[in-house]
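Notes follow the structure.
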Amino acid sequence: MMTSKIAKWLGGVACAAMLCATAPAFAQKGLDEPFQGPFKTALAGKTVAYIPVAMNFDLTEGWFAVLKHQLEPWGMKVVVRDANWNTNAGAQAFTTLISEKPAAIVVHNPDVQTYAKLIQRAEKEGIYIIQINMGSAFRSTAFVGANWIEIGERDTQAVVDACKGKSNKIAVVQGALSAAASAYTLKGVENVLAKNPDVKVVSSQPADWDAAKAKAITQTVLKQNPDLCGIVGFWDGMDIGTAAAVKEAGLTGKVFLATSGGGEQKGACDLVKSGAFDLDMSYDVPTQGTDMAALIKWLLSSNTKPGAVKGSVYTTLIPVTKDNAGKDGTCWKLEQVKGS
Amino acid sequence: MKGIAVKMPRRLTQQGIVFAIFVVLFGVFAVFLRGFLSTSNMLNLLQNVAVLGILGLAMAIVVIGRGIDLSLIAVLAVPSGLLLQLVQDGNTFWYALLMSALLTLAFGLINGWLIAYAEVPSLYATLASGLFLAGLGQAALFKLDVVQWSPGLEGFQFLGQGNVLGVPMPIIVFAATCFVVAFFLRRTRLGTFIYALGDNPFAARTSGIPTRTLVVVQYVIAAAIGLLAGLVLVASVNSGPTRIYNSTLIYDVILVVVLGGIGLAGGRGGVLSVVIGTLLIGTMLNAMTIMDVSYSAQNLVKGVVLLVAVIADSFLNPRNEETAQQGDI
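Structure follows, in structure tokens:
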């Protein structure tokens, strides 16, 4: 008791002494934080260019909106060069951008090869390259995005688990053959299947990210294998068609459909709630956008030489299921992100 | 000036050749491929190519009149996407449907005017107008490339996903369109005029057919059928995949038409040609999906079968100065 009282008293005296020493300083003027000034100058007036494979879909619109909201208040300019599903147009835009010398370029690769040389050249010219979600064979300063192999593994594992005690027949609806995201996801599927030799893949076809094609393939597969117990789809935007085929066959709830996507409300949560998808692995687009913006801030303020350091920010995945699809915050709304 | 009409045995037409290939393939699959010949798979086969077939009918009307409509995919994608977008924005279904119908009508009229009155060749006119419509959709009408389904469209998906007496709706729509178009081409005066126009536009004009008006009518009808195909498509996949404009679907449509024996020079072929072309494509797609053939191998097989059809035609019906026409592609 005594000791603690003394300690308290001593503490009080110490506090008072400190206050006496510093109070005049506080009262007269503030303390300059020496790092924020250079940070502001490092960012102000700089341009970030963004080359998505195409605008006008939830992922690319979301990233763009977040980058703008995060960076423009610092006096930065965010410009977009829309490749509109045309690899040549994208490569041309990239080449032109290199000569315009923006501070950083955010690039969404259509495949692993096309932009590889350009990325290398741009970093040599002193431009930071951030790759988003679909990586190139050449690793640049930063990659932000989903780990496709993990997505393939977790989706397939969920389907395999749902198939326990059933027919063990599954189907795979791939994306486009040339896309790395599709090939990596397929690798993840194979990893899980190697551990489950009793599971039989009755069909594994690419549907070119196209809902109509996915529906046609799934319909045929379901007619041949009405006892199918699960489907691994590669993108929720395409698997709307897969789900429509399952529904038309009257097998909703009997065929477990796992897919992945950007976690947008209408594209993911609403469809899980309606029962169209059983699992949608979300790589939460706003988080990816914030990660990119943080990296750009860090790189510009650190004055690191482009390409001198190389690292990755793999996105922490959010599995959207019936349990969390109805909760606020599981998914994001494009209108809100664009308007905020 | 004699000896032109050498008596030939009854010629195998392109249509006959493609039909023969279809019968052979179908027979082989029916015998060797388990599950191919079931009723449900047959319905499935037809359902998967119904939209392609409907588009083929629209293209047929234009091609028979010696034109071509490259803007069909834009008409497939944009007005139907507009319908979904308007409903999503809180309008009623019927208002949205009216707006997309008006857009289609206006687009058909512009196409027809460009070709008939401004006398722009149909190839260029529709290439440009299609680009314009797709761009308009992307820039001004839609928020996303894939227009999402929204409440307020309940019941509409019946057009793509429902069935009557077990027959899926897309097949019924395709069949109904076949009958209407066949009746139009073979039984109405306008239809006959279209054949005359395709066979020889100058003779048609000289004989008093209002060819300019006729061309406009053709493109308006084609656009209307394109809208119908679009409605079936969006109802079928529960979303408006407007990005389909960037796909190679237009080649498939031309393929279905040409394969079935509607020459690009015009004046020949009919609804049966489209049906046969569609059936061949459908059979190949369906069987290869059942066999789980890889994508690249599928393209290879498709290419080989088409080459066989084209080569067989040029052997059996060699072209010469008399049969070749000006403007034959």
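Line by line, the protein sequences give chains A and B.
Numbering of the first sequence is given in this note's numbering, commencing with residue 6 and proceeding in unit increments.
Numbering of the second sequence is given in this note's numbering, commencing with residue 236 and proceeding in unit increments.
Virtual Cβ for every residue (Gly too), placed ideally from N, Cα, C.
All values reported here derive from a predicted model rather than from experimental measurement.
Check whether residue i and residue j have beta carbons under 8 angstroms apart
| i | j | result |
| --- | --- | --- |
| A:Ala281 | A:Met243 | no |
| B:Val491 | B:Cys413 | no |
| A:Trp337 | A:Val290 | yes |
| A:Ala221 | B:Asn283 | yes |
| B:Val467 | B:Gly395 | yes |
| A:Ala4 | A:Asp283 | In this structure chain A extends from 6 to 345, so residue 4 of chain A is not present and cannot be described. |
| B:Leu337 | B:Tyr330 | no |
| A:Thr119 | A:Ala151 | no |
| B:Val408 | B:Ile252 | no |
| A:Ala250 | A:Thr292 | no |
| B:Asn347 | B:Val455 | According to the sequence provided, residue 347 of chain B is Gly. The question's Asn does not apply to it. In this structure, B:Val455 lies closer than 8 angstroms to B:Gly347 by Cβ. |
| A:Glu128 | A:Ser145 | yes |
| A:Arg86 | A:Ala54 | yes |
| A:Ile135 | A:Ala109 | yes |
| A:Gly42 | A:Gly80 | no |
| A:Gly180 | A:Trp153 | no |
| A:Val325 | A:Ala147 | no |
| A:Val111 | A:Ser141 | no |
| B:Leu515 | B:Ile406 | no |
| B:Gln249 | B:Gly496 | yes |
Per-residue DSSP class, three states only, for residue i
| i | result |
| --- | --- |
| B:Gln392 | coil |
| A:Val149 | strand |
| A:Pro291 | helix |
| A:Trp337 | strand |
| A:Gln179 | strand |
| B:Ala240 | Reliability fails at B:Ala240, whose pLDDT of 48 lies under 50, so the model's placement of it is uncertain and no value is given. |
| A:Tyr133 | strand |
| B:Leu551 | helix |
| A:Val112 | strand |
| A:Gln210 | strand |
| B:Pro405 | helix |
| B:Asn398 | strand |
| B:Ser482 | coil |
| B:Thr423 | coil |
| A:Met6 | Only weak support is given to the placement of A:Met6: the predicted model assigns it a pLDDT of 48, under 50, and the value that follows is read from those uncertain coordinates. Coil at A:Met6, not helix or strand. |
| A:Pro78 | helix |
| B:Ser508 | helix |
| B:Val275 | Checking the displayed sequence, the identity of residue 275 of chain B turns out to be Ser instead of Val. The answer is helix: DSSP assigns B:Ser275 an H, G or I state. |
| A:Ser279 | coil |
| A:Ile323 | strand |
| B:Ser442 | coil |
| A:Ser307 | helix |
| B:Asp563 | Interpretation of B:Asp563 is limited by its pLDDT of 49, a score under 50 that renders its predicted location unreliable; the figure taken from the coordinates is listed afterwards. Here B:Asp563 sits in coil by DSSP. |
| B:Gly347 | helix |
| A:Leu43 | In the sequence as displayed, the identity of residue 43 of chain A is Pro instead of Leu. Correct three-state label for A:Pro43: helix. |
| A:Thr119 | coil |
| A:Ser141 | coil |
| A:Ile154 | helix |
| B:Ile497 | coil |
Per-residue contacts from residue i into chain E (C-beta, under 9 angstroms)
| i | result |
| --- | --- |
| A:Ala59 | Reference to chain E is not applicable here, since the protein chains of this structure are A and B. |
Identity of the residues DSSP links to residue i by a beta bridge
| i | result |
| --- | --- |
| A:Leu284 | A:Ala263 |
| A:Gln236 | In the sequence under discussion, the amino acid at residue 236 of chain A is Ile, which differs from the Gln named in the question. A:Ile236 pairs with A:Ala176, A:Leu262. |
| A:Ala54 | A:Val84, A:Ile110 |
| A:Lys205 | A:Lys174 |
| B:Pro356 | Beta-bridge pairing links B:Pro356 to no other residue. |
| A:Ser317 | A:Phe148 |
| B:Gln249 | B:Gln249 pairs with nothing; no bridge assigned. |
| A:Thr257 | A:Val260 |
| B:Pro476 | B:Val381 |
| A:Ala269 | For the record, residue 269 of chain A in the displayed sequence is Glu; it is not Ala. The partner list for A:Glu269 (beta bridge, DSSP) reads A:Trp337. |
heavy atom of the ligand ATP below 7 angstroms from residue i C-beta
| i | result |
| --- | --- |
| A:Asn329 | For the structure depicted, the ligand ATP is absent and the ligand set is empty, with no information on it obtainable. |
For residue j and residue i, believed in contact at Cβ under 8 angstroms, the rounded distance
| i | j | result |
| --- | --- | --- |
| B:Gly316 | B:Gly370 | No, B:Gly316 and B:Gly370 are not in contact; Cβ-Cβ is about 13 angstroms, not under 8 angstroms. |
| B:Ala457 | B:Ile296 | 6 angstroms |
| A:Lys228 | B:Asn279 | 5 angstroms |
| B:Val310 | B:Gly461 | 3 angstroms |
Item to check | Inter-stretch contact at 8 angstroms, needing at least 3 Cβ pairs: the stretch 256-268 of chain B / the stretch 194-213 of chain A | outcome: no
Next on the checklist: Can you confirm whether the stretch 302-309 of chain B touches the stretch 364-373 of chain B when touching is taken to mean that 3 or more C-beta pairs between the two stretches lie within less than 8 angstroms?
Outcome noted: yes
Next on the checklist: Contact between the stretch 297-316 of chain A and the stretch 214-229 of chain A is defined here as three or more beta-carbon pairs at a separation below 8 angstroms; is this criterion met?
Outcome noted: Put simply, the stretch 297-316 of chain A does not touch the stretch 214-229 of chain A. Fewer than three CB pairs are less than 8 angstroms apart.
Next on the checklist: Measuring CB atoms only, is the stretch 267-283 of chain A touching the stretch 302-313 of chain A, in the sense that at least three cross pairs come out at less than 8 angstroms?
Outcome noted: Here the stretch 267-283 of chain A does not lie against the stretch 302-313 of chain A, with fewer than 3 beta-carbon pairs under 8 angstroms apart.
Item to check | Segment contact, 8 angstroms Cβ cut-off, at least three pairs: the stretch 467-482 of chain B with the stretch 517-533 of chain B | outcome: With a cut-off of 8 angstroms, the stretch 517-533 of chain B and the stretch 467-482 of chain B do not count as touching, because too few Cβ pairs lie within range.
Next on the checklist: Using a Cβ distance threshold of 8 angstroms, determine whether the stretch 373-388 of chain B contacts the stretch 487-501 of chain B, with at least three qualifying pairs required.
Outcome noted: no
Checklist entry - Is the stretch 232-240 of chain A in contact with the stretch 156-170 of chain A, if contact means three or more CB pairs nearer than 8 angstroms? => result yes
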